[in-house]
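Chemist: Handing you a structure now.
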Amino acid sequence: MSVLPRASLSVQPAGLVMRIRTSRDLPGVILVLPAVLTLTALLGYPVLYNLWLGFQQKHTIQPVGTWVGLQNYAFFLLNDRQFWDSFWLGLLYAIVTVVAQLVLGIGAALLLNEDFKGRMLVRGVALFPYMIPITLSVIIWRWVFNNQYGIANHLIVGTGITARPPLWLGPDWIFWTLCMISVWTFFPFVLISILARLQTVPPELYDAAKVDGAGAVGRFIHITLPQIQTVLFIVILLRSVWMFTKFDIVWMWGGQSYGGLGEFVRILPMYTYHRIFGLFQAGEGAALANIMFFMLLVAAYFYFRYFQTDEAHA
Amino acid sequence: MIGQAAAPAPSPASAPASSPWLTGARARKLGYQVMIYTGAALLTGYCVVPLVWMLLTSLKPPGEVITYPPAILPREPTLRNFRLLFEESLILTFLWNSIVAAVGSTVLSILIGTLAAYSLTRYRYPGRGKLATLILLGYMFPPIVLIIPFFVWFKAIGLTDSYIGLTVTYVALGLPFATWLLWAFFQSIPLELEEAAWIDGATRARAIIHVVLPLSLPGVIATSIFTFIVAWNEYLFALILMNTDRMKTLPVGLADLLNRPMTDWGVIMAAGVVITVPALLFFILTQNYLVKGWGAGAVKG
């Protein structure tokens, strides 16, 4: 199955339609033109500009740069410890948060696909974290995890797990609390995507499986999983890309600074941001952005190549 | 966890096998009910408790906010934090800026996206399939790649600190997504309906107005809401492009509150409440569109 919308679905011309169609391609081109031009200007142009900028050393605000060829790339890939640290930390962040979002999101979707009283209410409520601004979820959780007055510490001490709760926003824990709040903020995306698909699965499939004596786990593996496979493919792709390129929640959780505690959540987008707006090295920043973009393209290519074909066979 | 929540029906493991007063079937049904409602309660708590905690904190006077152990309910509820917020911060200005940028970019994205989606589903011309790939690519675009070009570009033509600049930026973020969703919606409207209208003598434009638009309206609404949310919640570009206080949007203005030398958590939580309540009310009203829209669109196979 293709993951791209199949635009050709509706096009199986009969005689009448065929005649109309031959004269009607031009308006189609005209209608799609604004979108193509906008995307070219707003996405295509920046890519080219960044490619060009990556070969230079240029102050972010001063207009003139010097051409340095591949120097920026060579520096980051071969000599820069910070680059590789950020890369690995970012990868860890993406993997941990995507896996947790999937587990939580699919679990919640299966739950909400059941018929029970108050289901609609719970469904609405479960989307709240995704609908509020990210700034807000950072602020709420910083307050919950506050080292002095936070309710998290109070609850932990209250349940007697430990009398000396950790500093949630200190060096040891800040990365893991970042993962926790990221999962809270973004899992509803998985939930709603999977739920929307689940609701189109014909119930007869489950009834048939029950007659055949399949247990809950068996039904999940043999019916649910194949049904949600396609949507899962896209969800995993989007969520991985988005988590790997996440900036806002990480930056704000790290205290909106590169140094200090920010150091412990310094993933690639944050490092890029620091180069551009902290050190005012636009050339280096562009090179970083290009490296990141290239990594994503390669990863997406292999993802499509290996997983999509598997799925087509399934 | 998956397996557990997966049980759409009584799972043998979760039911007490041989209670003297419960037959097997009833016990399984009860076990199933307990499991479902426990799950629902946990999920609700997980998503809502932090928000409730925000609300409670916003109603506490300063002395109660910073006490340990924290009191759950405010002993002397007060609106002091809200008063201070409106008097001393620019929150209404931030709110206005956010509305302008989000509404402007949503309208533009939907307009351009609808035309494109209609064209892509109803016409045949070379390169159409490639466009699908490109739009998906745009959907996955790392924002950090756009930040330098936009910053340099807007600085050069004087579009930093302007609504136009930010609106254009949000079109860049929203349009691929909007086109993608609308595309899926337009595919779900059978071409035969339009053809029937043509056979009845309607012009193409009339067929669009009377057949296609009414059917695609739920999709357009859902897409608008999503596009709006993207812009409404956006932080990075607003941070970089809007430098003066009067031009800041809500997410950036709110984050600034955390950077003050003396963090007044009561006021910050009040700001959180002011932002959340209208957004969530709006969301509850449109929830059905959202879920249906999501089903038909973003991630359909």
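As they're listed, the protein sequences go chains B and A. End of the first sequence sits at 314 in the working numbering; the numbers just go up one at a time, nothing left out. End of the second sequence sits at 615 in the working numbering; the numbers just go up one at a time, nothing left out. Virtual Cβ for every residue (Gly too), placed ideally from N, Cα, C. Nothing here was measured: the structure is a model prediction, and the numbers come from that model.
Would you say Leu39/B and Ala486/A are within 9 Å of each other, going by their C-beta atoms?
Modeler: Walking along the first sequence from the start, residue 39/B turns up at place 39. Walking along the second sequence from the start, residue 486/A turns up at place 172. Their beta carbons are under 9 Å apart, which means Leu39/B touches Ala486/A by this criterion.
Chemist: By DSSP, does Trp367/B sit in helix, in strand, or in coil?
Modeler: Residue 367/B is absent from the structure shown; chain B starts at 1 and stops at 314.
Chemist: Buried or exposed: where does Tyr306/B fall if 16 or more other Cβ atoms within 10 Å of its Cβ makes it buried?
Modeler: As a working note, residue 306/B is residue 306 in the first sequence. When all chains shown are included, Tyr306/B counts as exposed.
Chemist: Compute the Euclidean distance between the alpha carbons of Gln256/B and Leu572/A, then round it to the nearest angstrom.
Modeler: Your numbering for residue 256/B matches position 256 in the first sequence. Your numbering for residue 572/A matches position 258 in the second sequence. Roughly 9 Å separates the two Cα atoms.
Chemist: Count the other CB atoms within 10 Å of the CB of Phe128/B; is the residue buried (16 or more) or exposed (fewer)?
Modeler: Position 128 of the first sequence, counted from the start, is the residue given in the question as residue 128/B. So Phe128/B ends up on the buried side.
Chemist: When burial is assigned at 16 or more other CB atoms within 10 Å of the CB, is Leu324/B buried or exposed?
Modeler: No answer is possible for residue 324/B: it lies beyond the span of chain B, which begins at 1 and ends at 314.
Chemist: Can you find a C-beta in chain B that's less than 9 Å from the C-beta of Val362/A?
Modeler: What you label residue 362/A is simply residue 48 of the second sequence in a count that begins at 1. For Val362/A, the answer is yes, since a Cβ of chain B falls inside 9 Å of its Cβ.
Chemist: Could you tell me if Arg142/B is buried or exposed, where buried requires 16 or more neighbouring beta carbons within 10 angstroms of its beta carbon?
Modeler: Mapped onto the first sequence, residue 142/B falls at position 142. So Arg142/B ends up on the buried side.
Chemist: Since Met556/A meets chain B, which of its residues come closer than 9 Å, beta carbon to beta carbon?
Modeler: Position 242 of the second sequence, counted from the first residue, corresponds to residue 556/A. What Met556/A touches in chain B: nothing, since even the nearest Cβ is about 14 Å away.
Chemist: Spatial neighbours of Gly65/B within its chain, please: C-beta separation below 7 Å, excluding the five flanking residues on both sides.
Modeler: For this step, residue 65/B is matched to residue 65 along the first sequence. So the qualifying residues of the chain are Gln56, Gln57, Lys58, Gly283.
Chemist: Any beta-carbon of chain B closer than 9 Å to the one on Leu460/A?
Modeler: In the second sequence, the residue the question calls residue 460/A occupies position 146. True, the Cβ-Cβ gap to chain B drops below 9 Å.
Chemist: Going along the region 444-456 of chain A in order, which residues come within less than 9 Å of chain D, judged by CB to CB distance?
Modeler: The question asks about chain D, but that chain is absent: this structure's protein chains are B and A.
Chemist: Buried or exposed for Ala327/A, please, with buried defined as at least 16 other CB atoms from any protein chain shown within 10 angstroms of its CB.
Modeler: Here residue 327/A is taken as the residue at index 13 of the second sequence, counted from 1. Bear in mind that the predicted position of Ala327/A carries a pLDDT of just 46, short of 50, making it unreliable; the figure below should be weighed with that in mind. Exposed: under 16 other Cβ atoms inside 10 Å.
Chemist: Around the Cβ of Tyr382/A, are there at least 16 other Cβ atoms within 10 angstroms (buried) or fewer (exposed)?
Modeler: Counting from one through the second sequence, the residue named residue 382/A turns up at place 68. When all chains shown are included, Tyr382/A counts as exposed.
Chemist: Check whether chain A comes within 9 Å of Leu111/B, counting only Cβ atoms and requiring the distance to be less than that.
Modeler: Numbered from 1 along the first sequence, position 111 holds the residue referred to as residue 111/B. Yes, Leu111/B counts as interfacial toward chain A.
Chemist: Listed from N- to C-terminal order along the chain, which residues in the region 587-598 of chain A have their beta-carbon within a distance smaller than 8 Å of any beta-carbon of chain B?
Modeler: Per Cβ criterion, the list reads Ile589, Thr590, Ala593, Leu594, Phe597, Ile598.
Chemist: Compare the beta carbon distance of Thr224/B and Leu198/B with 9 Å and say whether it is the shorter of the two.
Modeler: Working through the first sequence from its first residue, we reach residue 224/B at position 224. Working through the first sequence from its first residue, we reach residue 198/B at position 198. It is a contact, given that the beta carbons lie within the stated cut-off.
Chemist: 9 Å is my cut-off, CB to CB: does Phe464/A come that close to chain B?
Modeler: Within the second sequence, the letter at position 150 stands for residue 464/A. Output row for Phe464/A: interface = yes.
Chemist: Figure out for me which residue from Ile228/B, Tyr206/B, Met131/B has the closest Cα to the Cα of Gly218/B.
Modeler: Translated into positions along the first sequence, residue 218/B becomes position 218. With distances taken between Cα atoms, Gly218/B lies closest to Tyr206/B.
Chemist: Could you please give the first and the last residue of the uninterrupted alpha helix (DSSP H) stretch that includes Trp67/B?
Modeler: Translated into the one-based positions of the first sequence, residue 67/B becomes position 67. Note, Trp67/B: premise wrong, no alpha helix (DSSP H); beta strand (DSSP E) at 65-67.
Chemist: Could you have a look at Gln56/B and say whether DSSP puts it in helix, strand or coil?
Modeler: Residue mapping note: residue 56/B aligns to position 56 of the first sequence, counting from 1. Three-state DSSP puts Gln56/B in a strand.
Chemist: Measure the alpha-carbon distance for Leu110/B versus Trp52/B and round it to whole angstroms.
Modeler: Here residue 110/B refers to the residue found at position 110 of the first sequence. Here residue 52/B refers to the residue found at position 52 of the first sequence. Looking at the two C-alpha atoms, the distance is approximately 48 Å.
Chemist: Compute the Euclidean distance between the alpha carbons of Ala519/A and Arg436/A, then round it to the nearest angstrom.
Modeler: For this step, residue 519/A is matched to residue 205 along the second sequence. For this step, residue 436/A is matched to residue 122 along the second sequence. Their Cα atoms are separated by approximately 13 Å.
Chemist: Mind checking if Asn72/B is an interface residue toward chain A, Cβ cutoff 9 Å exclusive?
Modeler: On the first sequence, position 72 is the one that residue 72/B refers to. Not one chain A Cβ lies under 9 Å of Asn72/B.
Chemist: With distances taken between CB atoms, is the gap from Met131/B to Phe186/B smaller than 9 Å?
Modeler: Here the question's residue 131/B lines up with position 131 in the first sequence. Here the question's residue 186/B lines up with position 186 in the first sequence. The answer is no: Cβ separation not under 9 Å.
Chemist: Kindly indicate the opening and closing residues of the alpha helix (DSSP H) around Met120/B.
Modeler: For the purposes of this step, residue 120/B is taken as the residue at position 120 of the first sequence. It spans 119-126 - the alpha helix (DSSP H) in which Met120/B sits, taken as one unbroken run.
Chemist: When you compare the CB of Thr483/A with every CB in chain B, is at least one pair closer than 9 Å?
Modeler: Along the second sequence, one-based indexing puts residue 483/A at 169. For Thr483/A, the answer is yes, since a Cβ of chain B falls inside 9 Å of its Cβ.
Chemist: Closer than 9 Å, Cβ to Cβ, to anything on chain B: give me those residues from the region 536-553 of chain A, in chain order.
Modeler: Within the region 536-553 of chain A, the qualifying residues are Ile543, Trp546, Asn547, Glu548, Tyr549, Leu550, Leu553.
Chemist: Closest to Met495/A by CA distance: which of Ala446/A, Glu378/A, Val363/A is it?
Modeler: Here residue 495/A refers to the residue found at position 181 when the second sequence is read from its first residue. One point to set straight first is that residue 495/A is Leu, not Met, in the sequence displayed. Ranking the options by Cα distance to Leu495/A, first place goes to Ala446/A.
Chemist: Can you name, in chain order, every residue of its own chain whose Cβ lies under 7 Å from the Cβ of Ala320/A, other than the five neighbours on each side?
Modeler: Against the second sequence, residue 320/A aligns to sequence position 6. Confidence is the limiting factor: at Ala320/A the pLDDT is only 42, short of 50, which leaves the residue's position unreliable and the question unanswerable from this model.
Chemist: Would you verify that the beta carbon of Pro391/A is, or is not, closer than 9 Å to some beta carbon of chain B?
Modeler: The count along the second sequence starts at 1 and reaches residue 391/A at position 77. No, Pro391/A lies away from the interface with chain B (no Cβ there is under 9 Å from its Cβ).
Chemist: Pull up the DSSP beta-bridge partners for Gln281/B, would you.
Modeler: As a first step, residue 281/B is located in the first sequence; it is residue number 281 there, counting from the start. His59/B, per the DSSP bridge assignment.
Chemist: Step through the CB atoms of chain B and report whether any lies within less than 9 Å of the CB of Trp579/A.
Modeler: Counting from 1 along the second sequence, the entry for residue 579/A is found at position 265. Interface residue, yes.
Chemist: Quick one: grab the DSSP three-state call for Thr381/A.
Modeler: The residue labelled residue 381/A in the question sits at position 67 within the second sequence. The answer is coil: DSSP assigns Thr381/A none of H, G, I, E or B.
Chemist: Give me the subset of the region 124-145 of chain B whose CB atoms are less than 9 Å from a CB atom of chain A, sorted by chain position.
Modeler: Correct list: Gly124, Val125, Ala126, Leu127, Phe128, Pro129, Tyr130, Met131, Ile132, Pro133, Ile134, Thr135, Leu136, Ser137, Val138, Ile139, Ile140, Trp141, Arg142, Trp143, Val144.
Chemist: Are Cys179/B and Ala286/B closer than 9 Å when you measure CB to CB?
Modeler: For the purposes of this step, residue 179/B is identified with residue 179 of the first sequence, where counting begins at 1. For the purposes of this step, residue 286/B is identified with residue 286 of the first sequence, where counting begins at 1. Against a cut-off of 9 Å, the Cβ pair of Ala286/B and Cys179/B comes out as no contact.
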